[in-house]
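Asker: The structure is given below, and queries will be raised subsequently.
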Amino acid sequence: MGARELIALLPIILISVSAVLAMLATAFIKSESAPAYVSAIGFVIAFISLFVAYPELPRAVTPLLIMDYFSYFYIGLIILAGLAVSLLAYPDFKKRGVRQGEFHVLLLLSVAGSATLAASAHFASFLLGLEILSVSLYAMIAYDRPDIKGLEAGTKYLVLASVSAAFLFFGMAMVYAGVGTMDLAGIAVNGIGGSISALAGIAMILVGIGFKLALVPFHMWTPDVYEGAPSPVTAFVASASKGAVFALVLRYFTQAGIHDTGALAYVLLAVSIASMFIGNLLALLQENLKRLLAYSSIAHLGYLLLLIAAGGRGAFIAGGYYLAAYFAAIIGAFGIISALSTGRKEPRMLDDIRGLAWESPWLAGFLSAMLLSLAGIPLTAGFIAKFYIISLGISKAMWWPVIMLIINSVIGLAYYLRVIAAVYERPQKELFNAMQTGAEAGKISLISGGVLAVLSVITVILGIYPPLLLKIIERTL
Amino acid sequence: MLALLIAALLAGGLLAWMAGRVKPLYARLVSLASLAAAAALWAVTFALNISSLGKGQFISGFKAAWIPQIGVNIHFAADGLSMAFVALTIVLGVVAVFSSWSEIEERTGFFHFNLMWVLAGVAGVFLSFDMFLFYFFWEMMLIPMYFLIAVWGHEKKTYASIKFFIFTQASGLLMLMSILALFYFHGRATGNFTFDYFTLLADKAKPYFGAGTAFIVMLGFFTAFAVKLPAFPFHSWLPDAHTEAPTAGSIVLAGLLLKTGGYGLIRFVLPFFPDASARFAPVALALGVAGVLYGAVLAFAQQDLKRLIADTSISHMGFVLIGIYALNPVALNGAFIEMIAHGISTGMLFFIAGTLAGRVGTRDMSRMSKAANGLPLWSVMPRLGSVGIIFALASMGLPGTGNFVGEFLALLGAFASSPVIAITGSLGLIAATAYSLRMIRKAFFEGSKPTEPAGVRITDFNAREAAVSAVMILAIVWLGVYPQPVINTAGPVLARLIPTSASAAPGRQAGYIPGGGAVQPCHNFTKCSLKTTPSGFAAVFGKGTKWAPGN
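First to last, the sequence lines map onto chains A and B.
All residue numbers for the first sequence refer to our numbering, where the first residue is 446 and numbers rise by one.
All residue numbers for the second sequence refer to our numbering, where the first residue is 481 and numbers rise by one.
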């Protein structure tokens, strides 16, 4: 490994260094804020380093990692997600009197893990990235220890993630036994050559991935974990941790031409459609905001899986755009829940944000933008993203899956609109202020307000002028 | 120019929002100013291009690349049809602003922002000639409309707004599928992947998909437009949305959003899918008749004034559907005039219903007189009452109003295609008389037992409301007496958009028109159509069509 490889690896190195620095800051600096500064600055520098290291692409860094435009695009997304989560977590934890230090170390580590996942080219790095991510997440989800729900969520995630990791490991071992290589690209290009053990292995890997992406029927953990974890952490679980795995799946499944394989493509389609329906229908029944978003995220991953079942060049464009739009919207949505929480309370139920628009019009506007983007309505990034998915489906003549997607978009719209309608409802005196939303008198911190504003602006700009992002995504092809 | 027109409305909305934070009045004034700017731009465009519009040509507008990766352009253009509808948009926009003058006291700025953006979206729909852009505006106008209903609506606003949004969004996505199918089939066949309306239409000559596919793709478009129109059985969102919306919202919904459905059918479905449309025409005609009669029956049973007007819209839009799917220029002109006239008359009826409900505190017609201490409302507010009666009569299709011209032409044309449809459809006119007269009687002439003296003095129309009404009365009567200028603007376009293959137009076969005269089959519709004969009402019947009395 020479200097050029090291430069290409710069973003991951910088994040890992920041994690160490944040740990040192936690240990040796009294100030609670120091680790938060370290993580925020670390993310910014790591993001800038993407542009510095850009000329070195594409480059294989050891057989384990491939640093190309595709990896960089997703690493960039993950770093930005990390930055947003870090900025949202700082005021959130401060308000709730939760320690800052370890959280930022864990966040940096999980971003490093996600980035490794997105760039991995080998079973070993796949595992390594996944475990760094998962282990950090166990602690992050249960970070707010006095909260019994958080502990429950953390434990649940620990058990299920371990089981899914076990499936993955065993699957990888079987694939290795069958084809004798752990090189992902090699397996994707050469196929498994009819090896039964490798086929069984791939099925097990699918199970593991299904857990990570919370696809039906491996979605059970999602609502509990989303609800129990602190909102900024939920934002991270919903965005970066899924995005990293999705990037990997998108790259190698599409490279392997899984959409042409018949049976496997049908399995993906079935899982995709089941995820859409179950996610959306369960969300429709929810009054609890975080659980609603949790179910909706199951549906969103269902939409994304449809891309892999469709395959081709279009899948990369649609996947990149969709993931970017989804990141901004879902982080924003959980960010608003985080911004509205006071002390130990956060707005849990739909009733808690009823009439928000009359108290805090800006936050209500941001929330509407996020939800409309998730619903795929024009003027928001989600619309262009959904347009690309439908467009891809039609170009492949996948009429029925597209119709399923349309039905699901409509179901999705129904519950997103329910939230928006609640937000814009005129407050009724007796109903309102069942809990303090914390929106009055500028209690929303400037940092979270700023992050939410930026995310909304991104959502709208990507909805009005898509070429900005499309140009970048096209480089990744 | 055209892009500026839309930009003026969008910018007006933003400015009104800001101005509304200072003082509600400023928001109203800014909205009016931006509408005035839009009107000026419209007038200049119209004046500069009057000759080419008369020939049914397009005014080339603004064109710029938007998403070059997939061949999407921002492309605004206009022909007579678009110009007429944009004019309607601006006029009803002004009425909507005036109607909300004293009704909307809360968050006035945000209200006007939404109002202006709906208008911009509607104008965008009428002026977009890129399929993606069209869809973008089609969906974009829903969001502000949703907010208009959900925030400023009446009792069941949440239910109504969500229902409205879901109906239109679901059908919109089906249309998106069809647009994309058009895009890919065309792209595969010609190698040119584009959303450009003109290219897609011009290449129709080399058919890029088979008849079966075309039919399915056509159905996607049809569903979206039929929901918006709304055609029976897709109408169920309409009474809720119209009733619960604030007055300005109802005006925009009934006057403009419904028209985007009819516009879409004329602009996209007929020219893109002539054969599929012809095959589908019997079904669409039947749906039209069902809508005419069903809407009328619903209207007759209503106590709620706004809901009644909403139900009459279903009936009137049935005539539009009949007019469009009769597939001949006479009927199509009828559908077009009916849309413009319905926009004015129903828009004004909602204006009146909103003002009335605001003053008497109820939309229930049997309880209205209570507010006037049991006196018939007519005796308390004669000005409002007479304006109400005029537009109720217009709505029932009284000769001398634009609605009569529209419905008569639509039925006349439909008779050539299918006498059964025309005869059944004309029953709707009788039903319209019944519900309109009932409405007039119940709302204005029926007293009730005197109750306690009402504390509030009920006021008649003030000068502002009377002025709006006067202008609109002139407009509807003008449309009824001398519709030719309007027909001349859009007629040539309509004649061109009608399906051109011989099998595609049942209306072209020799048919009968009322009066017992047999009509010569008209094979050359550039001659039969209206553009060559600008003189007078008779031109409507088509120059190439010979009357053969006593045959």
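Idealized CB from N, CA, C, for every residue including glycine.
Using the beta-carbon count (16 or more within 10 Å), is A:Tyr499 buried or exposed?
Answerer: As a first step, residue 499 of chain A must be located in the first sequence, where it is residue number 54. Exposed, because fewer than 16 other Cβ atoms sit within 10 Å of the Cβ of A:Tyr499.
Asker: Mapping DSSP to helix, strand and coil, what is B:Ala985?
Answerer: Position 505 of the second sequence, counted from the first residue, corresponds to residue 985 of chain B. The pLDDT assigned to B:Ala985 is 40, lower than 50, so where the model puts this residue is not dependable; a value taken from the coordinates is nonetheless given after this. Coil, per DSSP.
Asker: Helix or strand or just coil, what does DSSP make of A:Gly639?
Answerer: In the first sequence, the residue the question calls residue 639 of chain A occupies position 194. A:Gly639 falls in the coil class under three-state DSSP.
Asker: In angstroms, rounded to a whole number, what distance separates the CA positions of A:Phe612 and A:Val652?
Answerer: Here residue 612 of chain A refers to the residue found at position 167 when the first sequence is read from its first residue. Here residue 652 of chain A refers to the residue found at position 207 when the first sequence is read from its first residue. Taking the straight line from one Cα to the other gives about 7 Å.
Asker: State the DSSP-derived secondary structure class of B:Gly541, mapped to helix, strand or coil.
Answerer: Indexing the second sequence from 1 puts residue 541 of chain B at position 61. Three-state DSSP puts B:Gly541 in a strand.
Asker: Which of the three DSSP states, helix, strand or coil, is assigned to A:Thr787?
Answerer: Here residue 787 of chain A refers to the residue found at position 342 of the first sequence. Reduced to three states, the DSSP call for A:Thr787 is strand.
Asker: Of all the alpha helix (DSSP H) runs that stay within the bounds of the stretch 539-626 of chain B, which reach a length of 4 or more residues?
Answerer: Fully enclosed alpha helix (DSSP H) runs of 4 or longer: 560-579, 588-607 and 611-620.
Asker: Give me the Cβ distance between B:Leu607 and B:Ala558, rounded to the nearest whole Å; I'm assuming they're in contact under 8 Å.
Answerer: Here residue 607 of chain B refers to the residue found at position 127 of the second sequence. Here residue 558 of chain B refers to the residue found at position 78 of the second sequence. The Cβ separation is near 6 Å, so the contact holds.
Asker: Can you give me the start and stop residues for the beta strand (DSSP E) that A:Met849 sits inside?
Answerer: Locating residue 849 of chain A in the first sequence gives position 404, counting from the first residue. Per DSSP, A:Met849 belongs to no beta strand (DSSP E); it is in the alpha helix (DSSP H), Trp844 to Val868.
Asker: Taking Cβ positions only, does A:Phe877 come closer than 7 Å to chain B?
Answerer: Residue numbering aside, residue 877 of chain A sits at position 432 when the first sequence is read from its first letter. Residue confidence for A:Phe877 is low, a pLDDT of 46 falling below 50, so the modelled location carries little weight and cannot support an answer.
Asker: Of all the options B:Met819, B:Leu484 and B:Arg847, which has the alpha carbon lying nearest to the alpha carbon of B:Phe884?
Answerer: Start at 1 with the first residue of the second sequence, and residue 884 of chain B comes out as number 404. B:Phe884 has its Cα closest to that of B:Met819, out of B:Met819, B:Leu484 and B:Arg847.
Asker: Just to confirm, is the Cβ distance from A:Leu738 to A:Ala778 under 7 Å?
Answerer: For the purposes of this step, residue 738 of chain A is taken as the residue at position 293 of the first sequence. For the purposes of this step, residue 778 of chain A is taken as the residue at position 333 of the first sequence. It is a contact, given that the beta carbons lie within the stated cut-off.
Asker: Taking Cβ-Cβ distances below 9 Å as the criterion, which residues of the stretch 605-636 of chain B are in contact with chain A?
Answerer: Of all residues in the stretch 605-636 of chain B, Phe612, Tyr615, Phe616, Phe617, Trp618, Glu619, Met620, Leu622, Ile623, Tyr626, Phe627, Ala630 and Val631 have a Cβ within less than 9 Å of some Cβ in chain A.
Asker: Locate the alpha helix (DSSP H) running through B:Arg747, then write down its first and last residues.
Answerer: Here the question's residue 747 of chain B lines up with position 267 in the second sequence. Segment: none, B:Arg747 is in no alpha helix (DSSP H) and carries neither H nor E.
Asker: Go ahead and pull the three-state DSSP assignment for B:Ala914.
Answerer: Here the question's residue 914 of chain B lines up with position 434 in the second sequence. Helix.
Asker: Is it the case that the Cβ atoms of A:Ala570 and A:Leu509 are separated by a distance below 7 Å?
Answerer: Along the first sequence, read from residue 1 onward, the residue named residue 570 of chain A stands at position 125. Along the first sequence, read from residue 1 onward, the residue named residue 509 of chain A stands at position 64. The sequence shown places Ser at residue 570 of chain A, not Ala. For A:Ser570 and A:Leu509, yes; Cβs fall inside 7 Å.
Asker: Is there at least one Cβ from chain A nearer than 7 Å to B:Phe714's Cβ?
Answerer: Sequence index remark: in the second sequence, residue 714 of chain B carries index 234 (1-based). With 7 Å as the cut-off, B:Phe714 does not count as an interface residue toward chain A.
Asker: Using a Cβ-Cβ cut-off of 7 Å (strictly less than) and excluding sequence neighbours within five positions of B:Ala544, which residues of its own chain qualify?
Answerer: For the purposes of this step, residue 544 of chain B is taken as the residue at position 64 of the second sequence. Excluding residues within five positions, the ones whose Cβ falls inside 7 Å are Asn553 and Ile554.
Asker: DSSP three-state label for A:Leu510, please.
Answerer: As a working mapping, residue 510 of chain A is identified with position 65 in the first sequence. Residue state, collapsed to three classes: strand.
Asker: Are the stretch 580-589 of chain B and the stretch 716-727 of chain B in contact at 8 Å, needing three or more beta carbon pairs?
Answerer: Segments in contact, yes.
Asker: For the alpha helix (DSSP H) containing B:Asn813, list its first residue and its last residue.
Answerer: Here residue 813 of chain B corresponds to residue number 333 of the second sequence, with the count starting at 1. Unbroken alpha helix (DSSP H) run through B:Asn813: Pro809 to Val840.
Asker: Within its chain, find whatever has a CB closer than 8 Å to the CB of A:Phe811; leave out the 5 residues flanking it on each side and keep chain order.
Answerer: In the first sequence, the residue the question calls residue 811 of chain A occupies position 366. Cβ neighbours of A:Phe811 beyond the five flanking positions: Gly777, Ile781, Leu897, Ala898, Leu900 and Ser901.
Asker: To be precise: take each residue of the stretch 667-679 of chain B, compare its Cβ to all Cβ atoms of chain A, and keep it if any distance is under 8 Å. Which residues remain?
Answerer: Listed in sequence order: no entries.
Asker: Check whether chain A comes within 7 Å of B:Phe831, counting only Cβ atoms and requiring the distance to be less than that.
Answerer: Here residue 831 of chain B is taken as the residue at index 351 of the second sequence, counted from 1. Output row for B:Phe831: interface = no.
Asker: Kindly list the residues whose CB is nearer than 6 Å to the CB of A:Met815, restricted to its own chain and excluding five residues on each side of it in sequence; keep chain order.
Answerer: Here residue 815 of chain A corresponds to residue number 370 of the first sequence, with the count starting at 1. Same-chain partners within the cutoff: Ala774, Gly777 and Ala778.
Asker: Can you find a CB in chain A that lies within less than 7 Å of the CB of B:Leu878?
Answerer: As a position in the second sequence, residue 878 of chain B is number 398, starting the count at 1. Closer than 7 Å: no.
Asker: Whose Cβ in chain B lies nearer than 7 Å to the Cβ of A:Ile839?
Answerer: If you number the first sequence from 1, residue 839 of chain A lands on position 394. Here the neighbours are Met657, Leu660, Ala661 and Tyr664.
Asker: Given a limit of 9 Å on CB to CB distance, which residues of the stretch 631-648 of chain A reach chain B?
Answerer: For the stretch 631-648 of chain A, which is checked against every Cβ of chain B, not one residue is closer than 9 Å.
Asker: Anything in chain D within Cβ reach of B:Ile642, meaning under 8 Å, just list it in chain order.
Answerer: Note that chain D does not occur in the displayed structure, where the protein chains are A and B.
Asker: Could you give the DSSP three-state label for A:Asp592: helix, strand or coil?
Answerer: Sequence index remark: in the first sequence, residue 592 of chain A carries index 147 (1-based). The answer is coil: DSSP assigns A:Asp592 none of H, G, I, E or B.
Asker: Taking 6 Å as the limit between beta carbons, can you name the residues of its chain near A:Gln700, skipping five residues before and five after?
Answerer: Here residue 700 of chain A refers to the residue found at position 255 when the first sequence is read from its first residue. The residues are Ala633.
Asker: Anyone know if the C-beta pair for A:Met585 and A:Leu551 falls short of 7 Å?
Answerer: Along the first sequence, one-based indexing puts residue 585 of chain A at 140. Along the first sequence, one-based indexing puts residue 551 of chain A at 106. Yes.
Asker: Counting contacts by CB-CB distance shorter than 7 Å, is B:Ile646 in contact with chain A?
Answerer: Taking the first residue of the second sequence as position 1, residue 646 of chain B is located at position 166. Yes, its Cβ sits closer than 7 Å to a Cβ of chain A.
Asker: Classify B:Thr525: buried if its beta carbon has 16 or more other beta carbons within 10 angstroms, exposed otherwise.
Answerer: For the purposes of this step, residue 525 of chain B is taken as residue 45 along the second sequence, with counting starting at 1. Classification of B:Thr525: buried, given that the 10 Å Cβ count is 16 or more.
Asker: How about A:Tyr526 and A:Ser684: are their beta carbons less than 7 Å apart?
Answerer: If you number the first sequence from 1, residue 526 of chain A lands on position 81. If you number the first sequence from 1, residue 684 of chain A lands on position 239. One detail in the question is off: residue 526 of chain A reads as Ala in this sequence, not Tyr. Closer than 7 Å, so yes.
Asker: Alpha carbon to alpha carbon, how far is A:Arg758 from A:Leu837? Give it in angstroms, no decimals.
Answerer: In the first sequence, counting from the first residue as 1, residue 837 of chain A sits at position 392. In the first sequence, counting from the first residue as 1, residue 758 of chain A sits at position 313. Their backbone Cα atoms lie some 9 Å apart in a straight line.
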